[in-house]
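Working notes, beginning with the structure itself.
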Amino acid sequence: MPFPTLLLRARLLLPKILICNLLIMLTSNVFASPLRIAVASNFTAPMQTLAPIFERETGEKLQLSFGSSGKFYAQIHNGAPYDVFLSADQAKPDKLIKAGLAQKSSKVIYAKGILVLWSATKKHIKPVKGTLEQAQKITIANPKLAPYGLAAKETLSKLGLWSTLQNKLVQGENIGQTYQFAYSQNAELGFVALSQVLAGPVKGHYWQVPNNDHSPIKQAAVLLTHSQHKTQAQKFLNFLVRKDIQKRIKNFGYDSGQ
29 MPFPTLLLRA RLLLPKILIC NLLIMLTSNV FASPLRIAVA SNFTAPMQTL APIFERETGE
89 KLQLSFGSSG KFYAQIHNGA PYDVFLSADQ AKPDKLIKAG LAQKSSKVIY AKGILVLWSA
149 TKKHIKPVKG TLEQAQKITI ANPKLAPYGL AAKETLSKLG LWSTLQNKLV QGENIGQTYQ
209 FAYSQNAELG FVALSQVLAG PVKGHYWQVP NNDHSPIKQA AVLLTHSQHK TQAQKFLNFL
269 VRKDIQKRIK NFGYDSGQ
C-alpha cells in the first residue's frame with residue numbers, strides 16, 4: 029500500500045482511537061468511583077463494621093456519610109450525589125420514591141430500631157416516670173428530623189410528660205448528637221438507640237422502651253434514581269438483608285428488618 033494512503037488512513041483512524049480511549053477512561057472512572065452511602069446516625073457502629081465485609085466480598089469501595097435522616101432527605105431533594113440512602117424510618121424513603129428520586133423496587137427494611145432511656149451515671153432508671161420528673165436535663169433527638177426523636181416524643185406523651193418536661197428537654201440535631209449530650213453528661217438522661225449504648229465506651233444503665241409506647245422504628249434503605257452505580261448499589265442493598273448480615277445487625281441492638 030502506498031505510503032500516502034497509509035498516512036491518510038492513520039489520520040482518519042486516530043480520532044476514532046482517541047474517542048474510544050476517552051470512553052474507556054470515562055467508563056472506568058464511573059465504575060472505579062466509590063458507592064456513596066448516606067447513613068442515619070444511629071446506624072454508625074453497624075455500618076462501620078459491615079462496610080469492610082462488603083468491600084472484601086465484592087471489591088467495591090464505599091464512601092460513608094453519617095447524619096440525620098431529615099438532613100439527608102433535604103440534601104437528596106437538592107441533588108446531593110448519593111447512591112443509597114439508609115434512613116432511620118420508612119417515611120422519608122417513601123417520600124423520595126413518590127417524588128421519583130428513589131426506586132420503589134429497591135426498598136428494603138434493613139433494621140428495626142430499639143429506643144432506650146439511658147443514663148451514663150445513674151444506677152437506677154425505674155420508676156421511669158419519677159426518674160424523668162426528677163431529672164434536670166433530658167436529651168432527645170429533634171422529633172421533626174429524627175425518627176428516634178419522634179419515638180421519644182410519643183413515649184413522653186404516653187407517659188403524660190411531654191408538656192410538663194418541655195423546659196428540661198435538650199434537643200440534638202440527630203441521634204448521634206443526642207447520645208453525645210447524654211454521654212458527656214450535659215443531660216442526665218437521654219432517649220437514644222440501644223445500638224449506641226451497646227457500642228459505646230460507657231454502658232451506664234438503661235430502660236428499654238416498650239414497642240407499643242411509640243410507632244415502630246422501621247429503618248428503610250433505597251437506591252436513588254440518579255445513581256450511576258445502580259448494579260453495585262442494588263448489590264449492597266441485597267447484602268444488607270442477607271440472613272448472616274441480619275444476624276450481625278441484631279447483635280448491634282436492633283430487631284431484624286426481615
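Using the working numbering, you'd call the opening residue of the sequence shown number 29 and step up by one each time.
C-beta atoms are modelled at their ideal positions from N, C-alpha and C, and glycine is treated no differently.
Every value quoted in this text rests on a predicted model; they were computed, and no experiment measured them.
- Item | Separation of ALA215 from GLY285, as counted between CA atoms | 31 Å
- Message: Could you compute how far the alpha carbon of LEU268 sits from the alpha carbon of ILE65?
- Response: Taking the Cα positions, LEU268 is about 13 Å away from ILE65.
- Would you call THR55 buried or exposed, if buried means 16 or more other Cβ atoms sit within 10 Å of its Cβ? Because the pLDDT at THR55 is just 46, under 50, the model does not fix this residue reliably, and the point stays unresolved.
- Identify the continuous beta strand (DSSP E) that holds SER147 and give its terminal residues. 143-147
- Item | Whole-angstrom C-beta distance between PHE219 and LEU143, which should lie under 8 Å | Sure, about 6 Å apart at Cβ, within 8 Å.
- Distance CB(ASP117)-CB(SER97) smaller than 8 Å: yes
- Task: Kindly list the residues whose CB is nearer than 7 Å to the CB of ALA179, restricted to its own chain and excluding five residues on each side of it in sequence; keep chain order.
- Result: LEU143, HIS242, SER243, ILE245
- Message: Please report the straight-line C-alpha distance between GLY200 and MET75, rounded to a whole angstrom.
- Response: 21 Å
- Same chain only: Cβ atoms within 7 Å of LEU265, ignoring 5 sequence neighbours per side: VAL112, SER134, VAL136, ALA249, LEU251
- Between PRO229 and ALA221, what straight-line distance do the alpha-carbon atoms span, to the nearest angstrom? 14 Å
- Message: Tell me the residue span of the alpha helix (DSSP H) that contains TYR234.
- Response: No alpha helix (DSSP H) contains TYR234, which is instead part of the beta strand (DSSP E) from 233-236.
- Which value, in whole angstroms, describes the spacing of the CA atoms of ASN211 and ASN279? It is worth fixing the name first, because residue 211 is Tyr in this sequence and not Asn. Spanning the alpha carbons of TYR211 and ASN279 requires a straight line of approximately 21 Å.
- Task: Have a look at THR159, ASN170, TYR138 and flag the residue whose alpha-carbon is nearest the alpha-carbon of THR149.
- Result: THR159
- Message: Could you compute how far the alpha carbon of LYS151 sits from the alpha carbon of LYS271?
- Response: 36 Å
- Message: Whole angstroms are fine: how far does the CA of SER61 sit from the CA of THR183?
- Response: 43 Å
- Message: Does ALA127 pass the burial test, meaning 16 or more other C-beta atoms within 10 Å, or should it be called exposed?
- Response: Classification for ALA127: exposed.
- Could you tell me whether the Cβ atoms of ILE166 and LYS196 are closer together than 8 Å? yes
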